[in-house]
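Numbering follows my numbering, with no gaps: position 374 of the sequence shown is 394.
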Amino acid sequence: MRSNERAQVLTVDDTTWKAYTDNPKRLKALIKHGLPRLHARIDWSRGVEFLDKELAQVAPREFANLQVVDKLFRVYLKKGGEEWILVHLEAQSTPDPQFEERMFAYHIAIWLRYRRRVLSIAILADDNPNWRPREYRYAIGECQMRFVFPSIKLLDLDEAQLIADGDPASLILASFVRAVRTKHALDIRLQARIELMQLALERGYNEDETRQILAFLERAMRLPAELEEQYQQLLEEAKRMKKVELLTRMEERAIRRGLMRGYRRGEQRGLQKGLQRGLEQGLQQGIEQGLQQGMEQGLQEGLQQGLQQGLQQSILRTLRELYGEPSDELARELRQISNPERLLELQGIALRAGSLEAFRQQLRAFLQEKPPAE
């Protein structure tokens, strides 16, 4: 893949964030999952009033021409009578040393315009877990100023909860989270997008909701041309068949492509084992018959072992890319699963788990079950 093409598919761009936050229901879902205590204080029944035009008028001059995603809206608080506050959202997809200062400048500009309480919130959509801007301060002599603001870090959001909630806005937000986590693993991004697409088609959303979800999946989880073509083919097939196990089918295709090394190792191991067995049996039963029987049995065992190891490595790679480095103990437990059908199920669970601990709980449940017949 060309470097400029890769750069185009890594992050959720500004226009996608703007489209997401333009909708009150999606805005509510973002606050609910990112800042639940704030969500509980807002009287959502009184609606959301967007003030983007007003924000453009008060934007600090030095930041006015920057391509940033800013959102200003008014909401009422519960038990506050007619009290309302202004909420300023700003999304940032890459670390910026001037970000804290920009948040402060917008906060002051909005306050000067309205003379109302302003709540500034940062949406951190980058993939650096250590970048967490939260304050801007300075001091001159005995004069001190400290501005502290909350943030919603996409990497911190609970993917499993987003998917389990069931509403379209949360499912779209899950695609944003997965876009960040699969920034450097586009094959896994393809798997994740197909899984979310399958959920969108199977959950009974109305036509408009389904269309919006699918559109956001493509905008948030962008893919290079060859992977996008695979996705579109599966999407068209899903639309024709409606309820179809695309995820399993996709996993099998990915395994056939990506785990060929496992097959080749198994084939080589099988040939070596078969030759050895064949020679041993040939001394007793005849070289020709022994070679044939031994190679058939050894090849079968080698291929089976190669497939098993390839599936296990694929699961570990998925976990590593989405949730961080799996522990050695988790890897040992995974190696206890040898049945390919079980491993295929675990591959799907790895995509949906939301965390290493959640996956491990599912894995242990598998280990406690009676294994299916090989």
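Glycine included, each C-beta is placed from N, C-alpha and C at the ideal position.
Item, Value
"Beta-carbon spacing of Arg221, Ala184 below 8 Å", "Before going further, note that residue 221 is Leu rather than Arg in the sequence given. No; because the gap between Cβ atoms is not below 8 Å, this pair is not in contact."
"Inter-residue spacing [alpha-carbon to alpha-carbon] between Ile141 and Val107", "7 Å"
"Nearest neighbour of Asn148, chosen from Arg231, Gly344, Leu364 [CA to CA]", "Gly344"
"Residues sharing a beta bridge with Asp185, DSSP", "Asp185 is not bridged to any residue."
"Euclidean distance between Cα positions of Leu255 and Ile214", "8 Å"
"Reduced DSSP secondary structure (H/G/I, E/B, other) of Val197", "helix"
"Simplified DSSP state of Arg105, which is helix, strand or coil", "A quick correction: the sequence has Ile, not Arg, at residue 105. In this structure, Ile105 counts as strand in the three-state DSSP scheme."
"Stretch pair the segment 30-49 + the segment 185-200: three plus CB contacts closer than 8 Å", "yes"
"Cβ-Cβ distance between Leu331 and Leu350 below 8 Å", "no"
"Nearest neighbour of Phe169, chosen from Glu179, Met123, Leu182 [CA to CA]", "Met123"
"Distance CB(Ala212)-CB(Leu371) smaller than 8 Å", "yes"
"Arg340 versus Arg154: straight-line alpha-carbon distance, rounded", "28 Å"
"Neighbourhood of Lys91 by C-beta, 6 Å cutoff - its chain only, sequence neighbours within 5 removed", "Thr41, Leu109"
"Span separating the alpha-carbon of Leu97 from that of Ile105", "8 Å"
"Alpha-carbon to alpha-carbon, Phe386 and Phe119", "46 Å"
"Outcome for Pro346 when other beta-carbon atoms lying within 10 angstroms are tallied against a minimum of 16", "buried"
"Rounded separation between Ala79 and Glu102 - CA only", "27 Å"
"Separation of Gln382 from Glu365, as counted between CA atoms", "10 Å"
"Extent of the continuous alpha helix (DSSP H) to which Ala235 belongs", "227-240"
"Buried or exposed by the 16-neighbour rule on C-beta atoms within 10 Å, applied to Gly161", "exposed"
"Rounded straight-line distance, which links the Cα of Leu139 to that of Ser171", "11 Å"
"Proximity to His204 [Cα-Cα], best of Leu243, Leu216, Glu179", "Leu243"
"Inter-residue CB distance, Tyr251 and Leu210 (contact presumed, cutoff 8 Å)", "6 Å"
"Beta carbon of Ala125 nearer than 8 Å to that of Trp37", "no"
"Assigned secondary structure, Asp10 (DSSP; H/G/I helix, E/B strand, else coil)", "One cannot answer for residue 10 here, as it falls past the ends of the chain, which runs 21 to 394."
"Whole-number beta carbon distance between Leu206 and Leu237, since they are thought to touch under 8 Å", "Not a contact, Cβ separation roughly 14 Å."
"Three-state secondary structure (DSSP) of Glu121", "helix"
"Thr338 burial status per 10 Å Cβ neighbour count (16 or more: buried)", "buried"
"For Val95, the nearest candidate out of Lys73, Glu74, Val68, His53 (CA to CA)", "Val68"
"Rounded distance between the beta-carbons of Leu354 and Arg201, thought under 8 Å", "Contact flag wrong, Cβ pair sits at about 20 Å."
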